[in-house]
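Participant: Under the working numbering, the first residue of the sequence shown carries the number 2, and numbering increases by one thereafter.
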Amino acid sequence: MAVLPKLRDFWSYIPFVRSKPEPIVPFVESSPPDSLLEFAASYELHPLTLAHLDELNRLVNRCFVEGEAYSRNTLDFLLSDPKALCYRAVLKSGSMAGFVISVLETDGTGHITTIGIAPEHRRHGLAYRLLERCEKAYRLRNVRIMRLEVRTINIGAQKLYRRAGYVVMQRLPRYYANGSDGLMMVKSLA
Numbered sequence: 002m003a004v005l006p007k008l009r010d011f012w013s014y015i016p017f018v019r020s021k022p023e024p025i026v027p028f029v030e031s032s033p034p035d036s037l038l039e040f041a042a043s044y045e046l047h048p049l050t051l052a053h054l055d056e057l058n059r060l061v062n063r064c065f066v067e068g069e070a071y072s073r074n075t076l077d078f079l080l081s082d083p084k085a086l087c088y089r090a091v092l093k094s095g096s097m098a099g100f101v102i103s104v105l106e107t108d109g110t111g112h113i114t115t116i117g118i119a120p121e122h123r124r125h126g127l128a129y130r131l132l133e134r135c136e137k138a139y140r141l142r143n144v145r146i147m148r149l150e151v152r153t154i155n156i157g158a159q160k161l162y163r164r165a166g167y168v169v170m171q172r173l174p175r176y177y178a179n180g181s182d183g184l185m186m187v188k189s190l191a
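1. Of all the options Tyr-44, Leu-54 and Arg-124, which has the alpha carbon lying nearest to the alpha carbon of Ser-94?
2. If you follow the beta strand (DSSP E) that Leu-173 is part of, which residue opens it and which one closes it?
3. Can you look up Gly-95 in the DSSP assignment and give me helix, strand or coil?
4. If we call anything under 8 Å between Cβ atoms a contact, is Val-78 one with Gly-117?
5. Please report the distance separating the alpha-carbon of Val-61 from that of Gly-126.
6. Mind checking whether Gly-111 and Met-147 have CB atoms under 8 Å apart?
7. Less than 8 Å separating the beta-carbons of Ala-158 and Val-169?
8. Only counting the same chain, and skipping five residues up and downstream in sequence, which positions put a Cβ closer than 7 Å to that of Asp-182?
9. Could you round the C-beta distance between Leu-149 and Tyr-162 to whole angstroms and report it? I think they count as a contact, below 8 Å.
10. Mapping the DSSP letters down to three states, classify Lys-84 as helix, strand or coil.
11. Rounded to a whole number of angstroms, what is the C-alpha to C-alpha distance between Pro-33 and Ser-81?
12. So, helix, strand or coil for His-47, using DSSP?
13. Among the candidates Thr-114, Asp-108, Arg-123 and Arg-164, whose CA atom is the shortest distance from the CA of Arg-145?
14. Look at the alpha carbon of Arg-140 and the alpha carbon of Ala-90, and state the distance between them as a whole number of angstroms.
15. Measure the CB-CB distance between Tyr-88 and Leu-57 and report whether it falls below 8 Å.
16. How is the alpha helix (DSSP H) around Leu-190 delimited, first residue to last?
17. Quick check: Val-101 and Leu-131, are their CB atoms within less than 8 Å of each other?
18. Since Val-66 is in the alpha helix (DSSP H), which residue starts that stretch and which ends it?
In structure tokens:
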């Protein structure tokens, strides 16, 4: 990828280690309402594996419109990648409310491949927590750059990514299957 050649020389890879579930602490800039704390406390982050493929596939199809959702085969491929780093947000009941799938690219970049939150669980900081968890895991592996792509029309996701510290690096003309443009966003973890 020609956009980041100057950054490639300091990227490295350290083998992945499975992590234990950890409760989500809500992101707050000031005192949050008690209801937000209670809501965030009702989730835990767990590793996302092939054992969760069926539930993940159902959730992906709820999160994305026709033509945007990854196929079951693609999800299987991503989860099978030994360099994949994937998490799911789970309710106390055990059902999946959100997920993130990321892959360590050959150039040493942590690539957020897809992230999704069930419609009824959106706007509560869950996507931010999943991003944050991936970034933390990549930092432990000495990955210094994160990358993701987002549709130019997905303003809500762009706001989330900007709030998380990502900046637009490049416009990607006709990046998506339907011909719509994308934006490549990157974040330094150094």
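Note that beta-carbon positions come from the ideal geometry of N, C-alpha and C, so glycine has one too.
Facilitator: To lay it out plainly:
1. Here residue 94 corresponds to residue number 93 of the sequence shown, with the count starting at 1. Ranking the options by Cα distance to Ser-94, first place goes to Tyr-44.
2. To locate residue 173, count along the sequence shown from 1; it is residue 172. It spans 168 to 173 - the beta strand (DSSP E) in which Leu-173 sits, taken as one unbroken run.
3. Start at 1 with the first residue of the sequence shown, and residue 95 comes out as number 94. Three-state result, Gly-95: coil.
4. In the sequence shown, the residue the question calls residue 78 occupies position 77. In the sequence shown, the residue the question calls residue 117 occupies position 116. Note that residue 78 is Phe in the sequence shown here, rather than Val. Contact: no.
5. One-based indexing of the sequence shown puts residue 61 at position 60. One-based indexing of the sequence shown puts residue 126 at position 125. Taking the straight line from one Cα to the other gives about 18 Å.
6. By 1-based counting over the sequence shown, the position of residue 111 is 110. By 1-based counting over the sequence shown, the position of residue 147 is 146. Going by C-beta atoms, Gly-111 is nearer than 8 Å to Met-147.
7. To locate residue 158, count along the sequence shown from 1; it is residue 157. To locate residue 169, count along the sequence shown from 1; it is residue 168. No.
8. Numbered from 1 along the sequence shown, position 181 holds the residue referred to as residue 182. For Asp-182, where only same-chain residues beyond five positions count, the Cβ hits under 7 Å are Thr-153, Arg-172, Leu-173, Pro-174, Arg-175 and Tyr-176.
9. For the purposes of this step, residue 149 is taken as residue 148 along the sequence shown, with counting starting at 1. For the purposes of this step, residue 162 is taken as residue 161 along the sequence shown, with counting starting at 1. About 7 Å; that satisfies the 8 Å criterion.
10. Within the sequence shown, the letter at position 83 stands for residue 84. In the structure shown, Lys-84 sits in coil (DSSP, three-state: anything other than H, G, I, E or B).
11. Along the sequence shown, one-based indexing puts residue 33 at 32. Along the sequence shown, one-based indexing puts residue 81 at 80. Confidence is the limiting factor: at Pro-33 the pLDDT is only 43, short of 50, which leaves the residue's position unreliable, though a coordinate-based value still follows. Using only the alpha carbons, I get a separation of about 39 Å.
12. Numbered from 1 along the sequence shown, position 46 holds the residue referred to as residue 47. It is a strand residue.
13. Walking along the sequence shown from the start, residue 145 turns up at place 144. Selected option, being the one with the closest Cα: Asp-108.
14. Taking the sequence shown and counting its residues from 1, the one referred to as residue 140 is at position 139. Taking the sequence shown and counting its residues from 1, the one referred to as residue 90 is at position 89. When rounded, the distance between both Cα atoms is 20 Å.
15. For the purposes of this step, residue 88 is taken as residue 87 along the sequence shown, with counting starting at 1. For the purposes of this step, residue 57 is taken as residue 56 along the sequence shown, with counting starting at 1. No; because the gap between Cβ atoms is not below 8 Å, this pair is not in contact.
16. Residue 190 sits at position 189 when you count from the first residue of the sequence shown. No alpha helix (DSSP H) holds Leu-190; DSSP gives it neither H nor E.
17. As a working note, residue 101 is residue 100 in the sequence shown. As a working note, residue 131 is residue 130 in the sequence shown. Result yes, Cβ atoms of Val-101 and Leu-131 sit closer than 8 Å.
18. Here residue 66 refers to the residue found at position 65 of the sequence shown. Element bounds for Val-66: n/a, residue is neither H nor E.
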